[in-house]
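Position 12, counted from 1, in the sequence shown is what UniProt numbering calls 12; the numbers after and before it change by one each time, with no gaps. Below is one structure, written out as structure tokens; comments come after it.
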Amino acid sequence: MPFVRIDDALMAHLREHGRFGDTHNDIVRRLLGMPPAERVSARAGASGSGALMPLIAAGTLAVGDTVTWYRRNLGEVHTATVDDAGRLVTADGAVHITPGTCASSIAGYPCKGWPNWRTAAGASLQQLRDRAAEAIAADRPTSGAAAG
Numbered sequence: 001m002p003f004v005r006i007d008d009a010l011m012a013h014l015r016e017h018g019r020f021g022d023t024h025n026d027i028v029r030r031l032l033g034m035p036p037a038e039r040v041s042a043r044a045g046a047s048g049s050g051a052l053m054p055l056i057a058a059g060t061l062a063v064g065d066t067v068t069w070y071r072r073n074l075g076e077v078h079t080a081t082v083d084d085a086g087r088l089v090t091a092d093g094a095v096h097i098t099p100g101t102c103a104s105s106i107a108g109y110p111c112k113g114w115p116n117w118r119t120a121a122g123a124s125l126q127q128l129r130d131r132a133a134e135a136i137a138a139d140r141p142t143s144g145a146a147a148g
């Protein structure tokens, strides 16, 4: 993904002209008079299982759940839905295999998605992933344990 550095004045202008659910790319394309970018649908979307499949398998996340990223400092709220392949699908139809690629696509620069995306109950995807890992570790016998 190309990286473009912009100044604070341009970012403020983008925020002024953005609509709910717009990515920075959407706003720039609209301001330049370009057609909207082609969107990937969930059916024809990114191939393969997404990073959320272990959470779905563990029962801590369900297909159809909505997760939210509150960008408090920017006054933005973004949502994505968990699809049946463990991926995140944003309101514009873009499909993301990991929470990080989803967050980075929205922000326009690399950022962490696991701690930022939250369930309706308020738990971050990172917390859910940590809990699932702890549950798996608790089910494994410790090495060197005496059989008996």
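C-beta atoms are modelled at their ideal positions from N, C-alpha and C, and glycine is treated no differently.
CB contact flag (residue i, residue j, <9 Å)
i	j	result
Arg19	Leu74	no
Gly113	Ala103	yes
Close beta carbons around residue i, own chain, < 6 Å, minus the five adjacent residues each side
i	result
Ile56	Gly86
His78	Trp69, Ile106
Gln127	none
Cutoff 7 Å; reference residue i; Cβ partners in own chain excluding five residues on either side
i	result
Pro54	Ala132
His17	Ile27, Leu31
Arg129	Leu55, Trp114
Cys111	Ala103, Ser104
Close-in-space but distant-in-sequence residues of the same chain around residue i (CB under 8 Å, 5 per side omitted)
i	result
Leu52	Leu61, Val82, Gly86, Arg87, Leu88, Pro99, Leu125
Ala135	Ala58
Arg29	Pro35, Pro36, Ala37
Asn25	Ala37, Gly108
Val63	Ile56, Val82, Asp83, Asp84
Proximity to residue i [Cα-Cα], best of the options
i	options	result
Ser91	Cys111, Ser49, Thr66, Asp139	Position check: residue 91 holds Ala in this sequence, whereas Ser was assumed. Considering only alpha carbons, the answer is Thr66.
Arg71	Trp117, Ala121, Asp139, His24	Trp117
Glu76	Tyr109, Asp22, His13	Asp22
Classification of residue i by the beta-carbon crowding that lies within 10 angstroms, buried from 16 upward
i	result
Asp8	exposed
Asp84	exposed
Val4	exposed
Cys120	The residue you asked about is not Cys; residue 120 is Ala in the sequence shown. Exposed.
Ala94	buried
Ala80	buried
Ile6	exposed
> Which full runs of the beta strand (DSSP E) of 3+ residues lie inside the UniProt domain "RAMA" (39-134), going along the chain?
Replying inline: Residue ranges of uninterrupted beta strand (DSSP E) with 3 or more members, entirely inside the UniProt domain "RAMA" (39-134) and ordered along the chain, are 66-71, 76-82, 88-90.
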